[in-house]
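Novice: Starting off with a structure, shown below.
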Amino acid sequence: MPHAVTAAEIEKAIRNVPDFPKPGIQFKDITPVLADARLFSGAIDLITEKFSPGSVDAVVGIDARGFIFAAAAATKLHAGFVPVRKKGKLPFTTIEQDYALEYGHASVAMHTDALKPGARVLLVDDLLATGGTSAAAAALVQKLGGKIVEAVFLIELKFLDGRQKLSGFPVRSLVVY
């Protein structure tokens, strides 16, 4: 049986792409992790390590790379998968939450019937940066009566202090820069 994957192994596989998508940005490319079945599976194991099947009702994933990790975590935990998408991308009745960007505002949405009141929710995304999108997703969960048991991220950019916007919830990141 292969040995367990460590966060250090995942960090080593994450590719740094300078000046993408614009000059001065150091993009953290997770595709090498996704391409390696052992690392991808290990990342899901680490994301879900505090939970057993049935211990959460839903895994909420944030558009778009968060879907990859959240859907796999939901399958492992025998929970539903709930997407939080950019405004206008969901086909049914939605609730929306605005959040601030560096220049301007954006909105995310969730179906109004995505969660039952009292649902135990694991919030998952690939990256915690400024925390705006994650905080907006958390607000949607709360509007529908869901209870966030933890917010888990593959990567956290600590210097952007996004964790502060999620101060009301347990937050865990596998790799911190």
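Sequential numbering of the sequence shown, starting at 194, is according to our numbering. By construction, the Cβ of each residue, glycine as well, lies at the ideal position given by its N, Cα and C atoms.
Helix, strand or coil: which one does DSSP assign to residue 199?
Specialist: Coil, per DSSP.
Novice: For residue 235, which option in 300, 370, 203 has the closest C-alpha, if you only look at C-alpha atoms?
Specialist: Considering only alpha carbons, the answer is 203.
Novice: Give me the Cα-Cα distance between residue 359 and residue 347, rounded to the nearest whole angstrom.
Specialist: Taking the straight line joining both Cα atoms gives about 16 Å.
Novice: Measuring alpha carbon to alpha carbon, tell me which of 319, 297, 287 ends up nearest residue 307.
Specialist: Ranking 319, 297, 287 by Cα distance to residue 307 puts 287 first.
Novice: Pull the bridge partners of residue 292 from the DSSP assignment, please.
Specialist: Beta-bridge pairing links residue 292 to 299.
Novice: For residue 329, count neighbouring Cβ atoms within 10 angstroms of its own Cβ and tell me buried if that reaches 16, exposed if not.
Specialist: Result: buried.
Novice: Helix, strand or coil for residue 238? Go by DSSP, reduced to three states.
Specialist: Residue 238: helix per DSSP, three-state reduction.
Novice: What are the start and end residues of each continuous alpha helix (DSSP H) run of 4 or more residues lying completely inside the stretch 248-272, in chain order?
Specialist: Within the stretch 248-272, the complete alpha helix (DSSP H) runs of at least 4 residues are 258-270.
Novice: Report the rounded CA-to-CA distance for residue 313 versus residue 267, giving the unit in angstroms.
Specialist: Whole-angstrom Cα-Cα distance: 12 Å.
Novice: Three-state secondary structure (DSSP) at residue 344?
Specialist: Three-state DSSP puts residue 344 in a strand.
Novice: Decide yes or no for the touch test of the stretch 224-242 against the stretch 196-216: beta carbon pairs closer than 8 Å, at least 3 of them.
Specialist: Segments in contact, yes.
Novice: So, helix, strand or coil for residue 245, using DSSP?
Specialist: Here residue 245 sits in coil by DSSP.
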